[in-house]
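So the sequence lines, in the order shown, correspond to chains A and B.
With our numbering, letter number 160 in the first sequence gets 160, and the count goes up by one each step, no holes.
With our numbering, letter number 9 in the second sequence gets 181, and the count goes up by one each step, no holes.
Take a look at the structure below.
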Amino acid sequence: MRLARANESVLVRVARRLCGHDVDFADDCVQEALILAYKAMADGKFTDVGNFRPWVLRIMTNHFFRESGRRNRFTTSDEIESIIDRQSAWDSHRDIASVVETAALRDEIELALGELSEDQRACVVLVDLEEMEYADAAQVLGVPVGTVRSRLNRARLKMADVITRKRLGELI
Amino acid sequence: MKHKVRPVINPCPWMKGLLARLVEGTLTGPLGWYARKHVDRCDKCGPAYKALLALRTGLKSLGQGKVADGLLSEDRWKAIENVCDHV
Numbered sequence: 001m002r003l004a005r006a007n008e009s010v011l012v013r014v015a016r017r018l019c020g021h022d023v024d025f026a027d028d029c030v031q032e033a034l035i036l037a038y039k040a041m042a043d044g045k046f047t048d049v050g051n052f053r054p055w056v057l058r059i060m061t062n063h064f065f066r067e068s069g070r071r072n073r074f075t076t077s078d079e080i081e082s083i084i085d086r087q088s089a090w091d092s093h094r095d096i097a098s099v100v101e102t103a104a105l106r107d108e109i110e111l112a113l114g115e116l117s118e119d120q121r122a123c124v125v126l127v128d129l130e131e132m133e134y135a136d137a138a139q140v141l142g143v144p145v146g147t148v149r150s151r152l153n154r155a156r157l158k159m160a161d162v163i164t165r166k167r168l169g170e171l172i
Numbered sequence: 173m174k175h176k177v178r179p180v181i182n183p184c185p186w187m188k189g190l191l192a193r194l195v196e197g198t199l200t201g202p203l204g205w206y207a208r209k210h211v212d213r214c215d216k217c218g219p220a221y222k223a224l225l226a227l228r229t230g231l232k233s234l235g236q237g238k239v240a241d242g243l244l245s246e247d248r249w250k251a252i253e254n255v256c257d258h259v
């Protein structure tokens with residue numbers, strides 16, 4: 001339980017980024033991952049305590065992929081809302097242009113994240129938002145580094161395309 | 173049937189990997205020189221490079237903002253501990 005508690009905030013943060021607004025779904029993923037991890041450790045199937053974090057993150061993301069395929073419940077990123085809420089207070093001391101810019105950024109990234117496949121979104125969350133190294137993200141996702149790199153390249157191009165389209169007014 | 177929309181951001185196929193590395197700042201040497209020259213002159217890769225740079229900046233600022241740290245509710249911890257007690 002000590003290991004679980006020590007990794008709780010990282011797991012919750014990644015899960016909520018993956019699941020968007022659906023906090024319950026995110027917390028379900030974390031809960032399930034911790035239970036599965038505990039069972040595996042109790043059975044002696046996992047002993048490398050030093051690698052607990054990437055291992056449990058992998059269990060959690062696998063659970064997310066499985067369940068989200070069934071539920072297809074991604075809406076928008078809760079994280080973005082909370083960041084913008086916090087930023088808005090700070091922005092009140094800045095000029096109106098930056099407030100508008102911040103809101104636009106939120107909308108654009110929210111829209112673009114929603115256009116990605118789950119595989120691509122996981123790469124963006126782990127590498128671009130969580131700032132993991134490619135190798136660590138690859139370990140979490142259980143794929144080669146090259147796959148993370150190519151998924152990320154495709155994801156970023158797609159996001160850039162969605163944002164540019166929005167700016168050109170093609171989606172409105 | 174959902175029809176495929178032609179992408180607005182559509183760099184030259186051989187430039188996709190180079191653009192990614194250029195935006196990350198990890199492309200150096202002759203390849204970096206070539207990529208920068210190409211981006212300066214290409215109608216497709218120039219806008220793609222600018223859009224990817226803007227995206228990187230946006231994602232970075234969101235990442236640095238981090239999410240308000242969430243924790244599991246005590247009810248969930250009790251549920252986890254209950255299951256684990258019976259393993």
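Yeah, the Cβ is synthetic: ideal placement off N, Cα and C, and Gly gets one too.
Computed from a predicted model, the values in this text were never measured in an experiment.
- If you draw a straight line from the Cα of A:PHE46 to the Cα of A:GLY142, it is about 16 Å long.
- Interface annotation, A:ARG165: in contact with chain B, CB-CB separation under 8 Å.
- Look at B:VAL211 here: in three-state DSSP terms it is helix.
- The DSSP-derived three-state label of B:ILE252 is helix.
- At a C-beta separation below 8 Å, B:VAL211 has no neighbours in chain A, since its nearest C-beta there lies roughly 14 Å away.
- Excluding five sequence positions before and after B:GLU246, none of the CB atoms of its chain fall closer than 7 Å to its own CB.
- At a cut-off of 8 Å, the C-beta of B:LEU227 has a neighbouring C-beta in chain A.
- In summary, B:HIS258 is exposed, with fewer than 16 beta-carbon neighbours lying within 10 Å of its beta-carbon over all protein chains present.
- Contact between the region 10-25 of chain A and the region 50-63 of chain A is present, with at least three C-beta pairs closer than 8 Å.
- Each residue's CA atom was taken as its position, placing B:LEU243 and A:ALA155 some 29 Å apart.
- Here the region 159-168 of chain A does not lie against the region 132-147 of chain A, with fewer than 3 beta-carbon pairs under 8 Å apart.
- Neighbours of B:ALA223 across chain A, judged by C-beta separation under 8 Å: ALA160, ASP161, ILE163 and THR164.
- Three or more Cβ pairs closer than 8 Å define a contact, and the region 221-228 of chain B meets that threshold against the region 192-210 of chain B.
- Within its own chain, the residues whose Cβ lies closer than 8 Å to the Cβ of A:MET132, once the five positions on either side in sequence are excluded, are LEU126 and VAL140, listed in chain order.
- Close to B:LEU243, with beta-carbon spacing below 7 Å, are these residues of chain A in chain order: GLU8, SER9 and VAL12.
- Using a CB distance below 7 Å, the part of the region 12-42 of chain A facing chain B consists of VAL12, ARG13, ARG16, ARG17, ASP27, VAL30, GLN31, LEU34, ILE35, TYR38, LYS39 and ALA42, ordered along the chain.
- Of the residues A:VAL30, A:ARG17 and A:MET1, the one whose Cα lies closest to the Cα of A:GLY114 is A:ARG17.
- The criterion of a C-beta distance shorter than 8 Å is satisfied by A:ASP27 and B:ARG248.
- When Cβ-Cβ separations below 8 Å define contact, A:GLU133 makes no contact with chain B.
- Residue state for A:ASP161 is assigned as helix, using DSSP reduced to three classes.
- Contact check for B:ALA251 against A:GLN31 passes: the beta carbons are separated by less than 8 Å.
- Residues of chain A with a Cβ closer than 8 Å to the Cβ of B:ALA192 are, in chain order, ARG149, LEU152, ASN153 and ARG156.
- If you ignore the 5 residues before and after A:GLU118, its C-beta comes within less than 7 Å of the C-beta of PHE65 and SER68, all in its own chain and listed in chain order.
- Neighbours of B:ALA220 in chain A, taken as residues at a C-beta separation under 8 Å, are given in chain order as LEU157 and ALA160.
- Out of B:GLY230, B:GLY235, B:MET187 and B:ARG178, the CA that lies nearest to the CA of B:ARG213 is found in B:MET187.
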